[in-house]
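Q: Chains as they are written, first to last, in this note's numbering: chain L, 1 to 261; chain D, 1001 to 1261; chain B, 2001 to 2261; chain H, 3001 to 3261.
Using N, Cα and C, we set each Cβ at its ideal position, and we do this for glycine too.
One structure, as structure tokens, below. Some questions next.
Number of protein chains: 4
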Amino acid sequence: MCLALSEIISESDDVLLYLDRKRTYLIKVEKGKTFHTHRGFVSFDDLIGKEYGTRVSSSLNVEFVVLKPTLQDYIFKIQRKTQIMYPKDIALILMFGNVGPGSQVVEAGTGAGALTTALAYHVRPDGHVYSYEVRSEFVEIAEKNLKRANLSDYVTVKNKDVTEGIDETEVDAVVLDLATPWLVIPHAYKALKRSGMLVSFSPTIDQVVKTVEALKESNFVDIETVECIMRAMQTERGKTRPQTLMTGHTGYITSARKALR
Amino acid sequence: MCLALSEIISESDDVLLYLDRKRTYLIKVEKGKTFHTHRGFVSFDDLIGKEYGTRVSSSLNVEFVVLKPTLQDYIFKIQRKTQIMYPKDIALILMFGNVGPGSQVVEAGTGAGALTTALAYHVRPDGHVYSYEVRSEFVEIAEKNLKRANLSDYVTVKNKDVTEGIDETEVDAVVLDLATPWLVIPHAYKALKRSGMLVSFSPTIDQVVKTVEALKESNFVDIETVECIMRAMQTERGKTRPQTLMTGHTGYITSARKALR
Amino acid sequence: MCLALSEIISESDDVLLYLDRKRTYLIKVEKGKTFHTHRGFVSFDDLIGKEYGTRVSSSLNVEFVVLKPTLQDYIFKIQRKTQIMYPKDIALILMFGNVGPGSQVVEAGTGAGALTTALAYHVRPDGHVYSYEVRSEFVEIAEKNLKRANLSDYVTVKNKDVTEGIDETEVDAVVLDLATPWLVIPHAYKALKRSGMLVSFSPTIDQVVKTVEALKESNFVDIETVECIMRAMQTERGKTRPQTLMTGHTGYITSARKALR
Amino acid sequence: MCLALSEIISESDDVLLYLDRKRTYLIKVEKGKTFHTHRGFVSFDDLIGKEYGTRVSSSLNVEFVVLKPTLQDYIFKIQRKTQIMYPKDIALILMFGNVGPGSQVVEAGTGAGALTTALAYHVRPDGHVYSYEVRSEFVEIAEKNLKRANLSDYVTVKNKDVTEGIDETEVDAVVLDLATPWLVIPHAYKALKRSGMLVSFSPTIDQVVKTVEALKESNFVDIETVECIMRAMQTERGKTRPQTLMTGHTGYITSARKALR
């Protein structure tokens, strides 16, 4: 996605058509075709050769901005189809997992690949993500999403049940987003480098309690669970206030570090 | 910091001595020396040649775990000396700014270099951070902190007033953490690539309102302001609950994208 | 409402038909009539003579519980038709205003009478509420709502513009829920007893800032602004978690006390 | 407390000496005596005969405002000595319990009497509070606190273990603030009127889960658990922001209504 050298829109590029914050469309540019919205259609031929950031008018004369897609745009695009993991949680998982360029990361489960996409984006160019997914239909979806974001080279999606074991060893971080993270903790301990990072995301408190207990049993230290409540502001001079509706809860993030016995 | 190839503790490595979540010490290993804590002293010679994750006993027979420092550890270490920017906010700034390997980023102001350290960690190995700081005493502090984290190669700290202009052009992101971000918006617009990202962090609502107004005037789109309220959980079977004390507010994060006029 | 001596459902009583938390109906019992819901109709004749708390079946054999309406039920019923003030905010306004049995209270504006209903409920039997409303259509609506809740005796609704002055003096509390509370502060100061309480509810930060400035100018002390973020829990063994969707913001509550100059 | 007819400060009145929001003193006026603060002493003889709201100077020439104590002031005064229940939670308990003038309420446990004081204040003049406390030393403390607030007539404190049963029947509300609320639910069901209200306050999630399960087993309906996160604002033109430090968690409030079987 973000590897493109060019700032000029070309055929088969992904672009984000932006009308307003609630109406954005991540689409692939195809010569001779058009994209239909409730505000009229946009001709791709009008985009090709233009610079990113440019404004185009639809057939109903509504103005769109043509933006270059970001990691967040890909995450939101992927999320729409499956369960929810928000960019705020992904951002914290990356931070707590110390994931950065060169990191070797094990992830489970893959799902549609939203978190995988973010991990892959950040381990480039020398790191790698090994992502476990037991449901074969999701393996395909995730691989397609990763390919679209141009990140397939950095990920190996494995159609395996991670609760039965992890093949990799000496990895820098293990990142869990599945229903029974506590079953994976002993495997994660073996897979991790000494002082390696474990991060687990779970919606319910019961999952958190079981995971923390498993972490303590497996000799992890520095165990911490947090939640991030994100609130958007409506900012306008004389009318500024937090927005009325918000997402009250997505999940808890538990992090820990491997210590030797 | 995280570039070390070895998993064996060596002279002049940074290590994190971990007693519990509230008592951790980021220190440099020096042959023949000792580190003093309220729980007795630890001899560095006991650490050299050991693996990370190992446990050592102090002179008072209190056990510490010797961990490999993470980005978060460096951030907290730097923060202790100056104003506060929490890892949660840094994580979101990275996400909203789409900062990743290869990104060219302008930052202002540098301060003690906490956010700079995080940016540098994530743009490796091919990106670069240009960080503006008007107060010369902070330039020195930041450079020292970056050197310690082994990230100097990825940052140019500039002792300049960013409200007077930005030297760079065609950058991927501009990240602002200073008292008057609105004065920098027109310069940021010029410095950014088309479709480039702007992120600004401010503690007060008044700063946010002025910044959002400046963004609208400067032709940015997709303007959004959020705050992240992070709450730690006390997790123990039968006693699980959110922690009593929390940080209620750090600051608002405003993000936007450059559109063409 | 809550003054009824009888625990037996009688003609023309208000009852709350309860299906689940999201589907409750506050209705008046009328002999020979029925109440229609999406789950079938309920015959009022089936209710008359029964005890509160009883269960009845609709024509589609769906079970409803017949509850005695509470203050909250009346508040929600009234709110559905107009702007929002939540029970959580009303509860805090009562607390910060020190409103209780015997209190003399001035309120503005009345709106549909939700807050008025709560004030009236709590000042009984010896207190009184003087409620100002400049829009005559709302005066009627509020009076109807108060009558239905059996609380008309404790309220005088006045079709007057409170920004032009308050008729009463020596009142215990002044409670404001209108667009320009700062214009009422000097009048409130005159109307209040020495050491009397002022409470103001406003959705936006700009309203709060202006109100706090007016309070300082008018010699109020102990000025405090808070917001209450209420989050519901989904409680079920093994699945417990905060609810996904929540109301992120309703308004800020500012309180102060009158000091002499 | 709030029953005083006079607005003139008299001997043996309680007054609130106010310096700023963090430094307030609830004290009894005693002729010929003085009150010592870090900002000098205040002579009670200077207060007697003055109006509430008046300003007095200490021996160090620091100005205090002499306010009439409110329910909140008494709650905070009582709380300082024992465990914490905040006015925000008390306010919501009153609302969810539908407690108002004339209510018959059972409470357990009494503790130092903070919630009891609030209940008594609001059931006046015709209601009554029956408060159970198993620890005899707290019975005395609570009775002293109630007497000071002039509310003894509205409360019967019982030195009994509420988990063994409730003596009263046909009460309007049962309010629980004790370690094992679930053990009291069957007794509460018997004590309540049909359609009566139950409210329980608990710091931990495990307590909530057990309580909700007991409520379901005992035929309560409309069961809801919430928490109120209260955040104070620092309001000053140009510097407005939520306060940095806040109380992140006090407890969860569960409410329910009695239905017939």
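Given that a residue counts as buried once 16 or more other Cβ atoms are within 10 Å of its Cβ, and exposed if not, what is L/R261?
A: Stepping through the first sequence from its first residue, residue 261 of chain L is reached at position 261. Exposed, since its Cβ has fewer than 16 Cβ neighbours within 10 Å.
Q: Strictly by DSSP, which residues pair up with H/I3229?
A: Along the fourth sequence, one-based indexing puts residue 3229 of chain H at 229. Answer is B/I2229.
Q: Considering only DSSP beta bridges, list what B/Q2234 is partnered with.
A: Along the third sequence, one-based indexing puts residue 2234 of chain B at 234. B/R2241, per the DSSP bridge assignment.
Q: Would you kindly report the start and end of the unbroken alpha helix (DSSP H) that includes B/M2095?
A: To locate residue 2095 of chain B, count along the third sequence from 1; it is residue 95. It spans 2087–2096 - the alpha helix (DSSP H) in which B/M2095 sits, taken as one unbroken run.
Q: Using a Cβ-Cβ distance cut-off of 7 angstroms, determine whether L/D206 contacts chain B.
A: Sequence index remark: in the first sequence, residue 206 of chain L carries index 206 (1-based). Closer than 7 angstroms: yes.
Q: Could you check what DSSP says for D/T1024 in three-state terms: helix, strand or coil?
A: Within the second sequence, the letter at position 24 stands for residue 1024 of chain D. Note: D/T1024 maps to strand in three-state DSSP.
Q: Could one say the Cβ of B/T2244 lies closer than 7 angstroms to chain L's Cβ atoms, at least one of them?
A: Position 244 of the third sequence, counting from 1, holds the residue named residue 2244 of chain B. Yes, B/T2244 lies at the interface with chain L (some Cβ there is under 7 angstroms from its Cβ).
Q: Please state if the CB of H/A3256 and the CB of B/G2053 are separated by a distance shorter than 7 angstroms.
A: As a working note, residue 2053 of chain B is residue 53 in the third sequence. As a working note, residue 3256 of chain H is residue 256 in the fourth sequence. Not closer than 7 angstroms, so no.
Q: Shortest alpha-carbon distance to L/S58 belongs to which of L/I27, L/H38, L/Y74, L/L71?
A: Locating residue 58 of chain L in the first sequence gives position 58, where the first residue counts as 1. L/S58 has its Cα closest to that of L/H38, out of L/I27, L/H38, L/Y74, L/L71.
Q: Can D/E1168 and D/A1191 be called in contact, C-beta distance under 7 angstroms?
A: Residue mapping note: residue 1168 of chain D aligns to position 168 of the second sequence, counting from 1. Residue mapping note: residue 1191 of chain D aligns to position 191 of the second sequence, counting from 1. It is a contact, given that the beta carbons lie within the stated cut-off.
Q: Does the beta-carbon of D/T1024 have 16 or more other beta-carbons within 10 angstroms, so that it is buried, or is it exposed?
A: As a working note, residue 1024 of chain D is residue 24 in the second sequence. Classification of D/T1024: buried, given that the 10 Å Cβ count is 16 or more.
Q: Contact between the region 1093–1109 of chain D and the region 1192–1199 of chain D: three or more CB pairs below 8 angstroms?
A: Yes, the region 1093–1109 of chain D is in contact with the region 1192–1199 of chain D.
Q: Does chain L have any CB closer than 7 angstroms to the CB of D/A1259?
A: In the second sequence, the residue the question calls residue 1259 of chain D occupies position 259. Yes, D/A1259 counts as interfacial toward chain L.
Q: Could you tell me the distance, in whole angstroms, from the CA atom of B/G2113 to the CA atom of B/Y2130?
A: Residue numbering aside, residue 2113 of chain B sits at position 113 when the third sequence is read from its first letter. Residue numbering aside, residue 2130 of chain B sits at position 130 when the third sequence is read from its first letter. Approximately 12 angstroms between the Cα atoms of the pair.
Q: Can the beta-carbon of D/L1067 be found less than 7 angstroms from the beta-carbon of D/L1016?
A: Here residue 1067 of chain D corresponds to residue number 67 of the second sequence, with the count starting at 1. Here residue 1016 of chain D corresponds to residue number 16 of the second sequence, with the count starting at 1. Result yes, Cβ atoms of D/L1067 and D/L1016 sit closer than 7 angstroms.
Q: Taking only beta-carbon positions, decide if B/G2248 is within less than 7 angstroms of chain L.
A: Walking along the third sequence from the start, residue 2248 of chain B turns up at place 248. It does: the Cβ of B/G2248 has a partner Cβ on chain L nearer than 7 angstroms.
Q: When you compare the CB positions of D/W1182 and D/T1211, do they come within less than 7 angstroms of one another, or not?
A: Position 182 of the second sequence, counted from the start, is the residue given in the question as residue 1182 of chain D. Position 211 of the second sequence, counted from the start, is the residue given in the question as residue 1211 of chain D. Yes, these two residues count as a Cβ contact at 7 angstroms.
Q: By the three-class DSSP mapping on this structure, what secondary structure does B/D2172 have?
A: By one-based count along the third sequence, residue 2172 of chain B stands at place 172. Three-state DSSP puts B/D2172 in a strand.
Q: Give me, in chain order, the residues of the same chain whose beta-carbon lies closer than 7 angstroms to that of B/E2007; leave out the 5 immediate sequence neighbours on both sides.
A: The sequence position of residue 2007 of chain B within the third sequence is 7, counting from 1. Closer than 7 angstroms at the Cβ level, and outside the excluded window around B/E2007, lie E2051, Y2052.
Q: Examine the Cβ distances between the region 1230–1244 of chain D and the region 1072–1079 of chain D and report whether three or more of them are shorter than 8 angstroms.
A: The region 1230–1244 of chain D, when compared against the region 1072–1079 of chain D, does not touch it at the 8 angstroms Cβ threshold.
Q: Can you tell me which of B/L2176, B/T2116, B/T2247 puts its alpha carbon nearest to the alpha carbon of B/I2229?
A: Against the third sequence, residue 2229 of chain B aligns to sequence position 229. The residue with the shortest Cα to Cα distance from B/I2229 is B/T2247.
Q: So, does the CB of L/K68 fall closer than 7 angstroms to a CB anywhere in chain D?
A: For the purposes of this step, residue 68 of chain L is taken as residue 68 along the first sequence, with counting starting at 1. L/K68 counts as touching chain D.
Q: If distances are taken between C-alpha atoms only, which option among D/T1156, D/H1128, D/D1126 comes closest to D/E1140?
A: Here residue 1140 of chain D refers to the residue found at position 140 when the second sequence is read from its first residue. The shortest Cα separation from D/E1140 among D/T1156, D/H1128, D/D1126 belongs to D/T1156.
Q: Quick check on H/E3051: does DSSP put it in helix, strand or coil?
A: Residue numbering aside, residue 3051 of chain H sits at position 51 when the fourth sequence is read from its first letter. If DSSP states are grouped into helix, strand and coil, H/E3051 belongs with the strands.
Q: If you compare alpha carbons, which of L/M233, L/S202, L/A179 is closest to L/I90?
A: On the first sequence, position 90 is the one that residue 90 of chain L refers to. If we check each option's Cα against that of L/I90, L/S202 comes out closest.
Q: The beta strand (DSSP E) that contains B/H2128, what's its start and end?
A: In the third sequence, the residue the question calls residue 2128 of chain B occupies position 128. Where B/H2128 is concerned, the enclosing beta strand (DSSP E) stretches over 2128–2132.
Q: If you measure from the beta carbon of L/S195 to each beta carbon in chain D, is any gap under 7 angstroms?
A: As a working mapping, residue 195 of chain L is identified with position 195 in the first sequence. So, interface residue.
Q: What residues in its chain sit with their C-beta under 6 angstroms from that of D/D1126, if we drop five residues either side in the sequence?
A: Within the second sequence, residue 1126 of chain D is the residue found at index 126, counting from 1. These residues qualify, in order along the chain: G1102.
Q: On the DSSP letters alone, give me the boundaries of the alpha helix (DSSP H) that H/L3146 sits inside.
A: Here residue 3146 of chain H refers to the residue found at position 146 of the fourth sequence. Start and end: 3136–3148.
Q: To which residues does DSSP link B/E2217 through a beta bridge?
A: Start at 1 with the first residue of the third sequence, and residue 2217 of chain B comes out as number 217. Looking at the DSSP assignment, B/E2217 forms no beta bridge with any residue, so it has no partner.
Q: Work out the CA separation of D/A1214 and D/P1186 for me, nearest whole Å.
A: Translated into positions along the second sequence, residue 1186 of chain D becomes position 186. Translated into positions along the second sequence, residue 1214 of chain D becomes position 214. Taking the straight line from one Cα to the other gives about 8 angstroms.
Q: State the Cα-Cα distance for the pair B/L2003 and H/I3084, rounded to the nearest angstrom.
A: Taking the third sequence and counting its residues from 1, the one referred to as residue 2003 of chain B is at position 3. Taking the fourth sequence and counting its residues from 1, the one referred to as residue 3084 of chain H is at position 84. Below a pLDDT of 50, predicted positions are generally treated as unreliable, and B/L2003, at 45, falls in that range; the measurement from the model is reported next regardless. Each residue's alpha carbon lies about 33 angstroms from the other.
Q: Which class does H/I3084 belong to by DSSP, given the choice of helix, strand or coil?
A: The count along the fourth sequence starts at 1 and reaches residue 3084 of chain H at position 84. Coil.
Q: Short of 6 angstroms in beta carbon distance, which residues of its chain neighbour H/V3221, apart from the five on each side in sequence? Order them along the chain.
A: The sequence position of residue 3221 of chain H within the fourth sequence is 221, counting from 1. Counting only Cβ-Cβ distances below 6 angstroms, and skipping sequence neighbours, we find R3257, A3259.
Q: Would you identify the three-state DSSP class for B/A2188, choosing helix, strand or coil?
A: In the third sequence, residue 2188 of chain B corresponds to position 188, counting from 1. It is helical.
Q: Would D/T1240 count as contacting chain H if we go by Cβ distances under 7 angstroms?
A: What you label residue 1240 of chain D is simply residue 240 of the second sequence in a count that begins at 1. Yes, D/T1240 counts as interfacial toward chain H.
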